[in-house]
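The structure under discussion appears below in the form of structure tokens.
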Amino acid sequence: MVDQELKDWQATWQSAAETAAPAPPFDIRRHAARAGRRLTVRYAAGCLWAVALLAFSTVYAMRHPTLQWLLWAVAVWIATLVAVGFMIWNGRGLWTAASQSNAAYVELSRRRCLAELRAIRFGYALLLAELIVVTPWLLWNFFSKLGSPAFELPAHLTGFAVLMALTAGYLVWFTTYRRRKLRELELLAEFQRSVDEDDIA
Amino acid sequence: MIARQREELVRRYESLLAAYQPALARMAASYEWAPHKREDLLQEILLAIWKALPKFRGDCSERTFMFRIAQNRCLTHIWQRGRDAQTADEPPDLPDPHSNPEAQVIALREQNRLQDAIRTLPIAYRQVLTLTLEDLSQAEIAAVLGITENNAAVRSNRARNALRKLLGGPR
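Chains as they are written, first to last, in the working numbering: chain H, 1 to 201; chain B, 1001 to 1171.
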């Protein structure tokens, strides 16, 4: 009776004619190569961005060799090196699953989620550090030049506006991304629970 | 030499597709309501199989290997999507009564009813049930999902009970 039921379900299920056309192997090969490189490219882009920041800050400090710009360059170097170090450290064990099993796959996904959440927390900390350094510097720059012939209000206002816009943008991005990752973690946990319940049974 | 290996790979890939593409499409359908997203998911599955094929060393059957990749890809799809429910703007595809004879309409309705019910099952049950419906043995299901045979059997029973309840409801 029950087997007949299963046979009926199988017959109904297998009669479903899903007719999505397969991608030709050439296209798939091209896309596969691209997808396989995506993670590497992201890391490489991070490193390139870091190199660009380091080079820019060095050149700028060399062209404007005042204490203010030297300190700024040092701050950029420290922040960049710390960020790159974190990126490399955070990327450990995120590249491949230990095996092709569900459990290994869930574990890899969970590790990736946790790494992303760590990166977000690091981002918050870096943003805070940046604000602690940049805000007093902008204020000092503003008040030290106020009333002097070199004072240019639009330039100062632009500096404050850029800082506020970047801060707001990062905060929105971090919050949205964090929410998405937490939801993903919940789904992973839910799936893991359903698997565990069956393991106990 | 490399060209020959690549040709061999393409040949293996095409023979797998010829044998299993309908099954993979049905699996994609059990994870995604919207037809266009379903096609995207199938493409992602095919891509993942293509990527993994060179690493296949024959430690299990090609069928097991392929379904394992497909299941993992479907899970990724669900997790990336962040939800597992039908949205209001994406109704399930229903048979078009004007283009099908009556018998075909009834058959399509039954297929849709079964697919809809399977889509509402918890993921762990859905996995085991879609593989059962594709005629995989308990041992193969266990190998695909990375669980014990006993576990696969328990889960299969529960999944069937859950599906029976769902299908027993009003049509």
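Glycine included, C-beta positions come from ideal geometry on N, C-alpha and C.
Only a predicted model underlies this, so the values are computations on that prediction, with no experimental measurement involved.
Query                                                                                                                       : Result
9 angstroms Cβ cutoff, H:Ala-16 in contact with chain B                                                                     : yes
H:Glu-186 classed as buried or exposed, judged by whether at least 16 other C-beta atoms fall within 10 angstroms           : exposed
Reduced DSSP secondary structure (H/G/I, E/B, other) of H:Ala-150                                                           : coil
Rounded distance between the beta-carbons of B:Ile-1118 and B:Thr-1132, thought under 8 angstroms                           : Not confirmed; about 11 angstroms, so no contact.
Short CB-CB distance (under 9 angstroms) between H:Trp-95 and chain B                                                       : no
Reference B:Ala-1028; option with closest CA among B:Gln-1111, B:Ala-1070 and B:Tyr-1125                                    : B:Ala-1070
For B:Ser-1137, three-class secondary structure by DSSP                                                                     : coil
B:His-1036, enclosing alpha helix (DSSP H) - first and last residue                                                         : 1035-1052
Minimum Cβ-Cβ distance from H:Glu-5 to chain B less than 9 angstroms                                                        : yes
Reduced DSSP category for B:Glu-1032 - H, G, I as helix; E, B as strand; rest coil                                          : coil
Collapsed DSSP secondary structure at B:Ser-1061 in the structure displayed                                                 : coil
Closest residue to B:Glu-1110 among H:Lys-145, H:Glu-5 and H:Trp-9 (Cα-Cα distance)                                         : H:Trp-9
Contact the segment 41-58 of chain H vs the segment 74-88 of chain H: 3+ CB pairs below 8 angstroms                         : yes
Range of the contiguous alpha helix (DSSP H) that encloses B:Gly-1146                                                       : That residue, B:Gly-1146, is in no alpha helix (DSSP H); it is neither H nor E in DSSP.
H:Thr-80 - containing alpha helix (DSSP H), residue span                                                                    : 67-90
Contacting positions in the segment 166-190 of chain H - beta carbon closer than 7 angstroms to chain B                     : Arg-180, Arg-183, Glu-184, Leu-187 and Leu-188
Exposed unless 16 or more other CB atoms sit within 10 angstroms - verdict on B:Gln-1080                                    : exposed
Span separating the alpha-carbon of B:Ala-1107 from that of H:Trp-95                                                        : 45 angstroms
Backbone secondary structure at H:Trp-95 - three-state DSSP                                                                 : coil
Other residues of its chain near B:Thr-1148: CB distance less than 7 angstroms, five sequence neighbours each side excluded : Ala-1142
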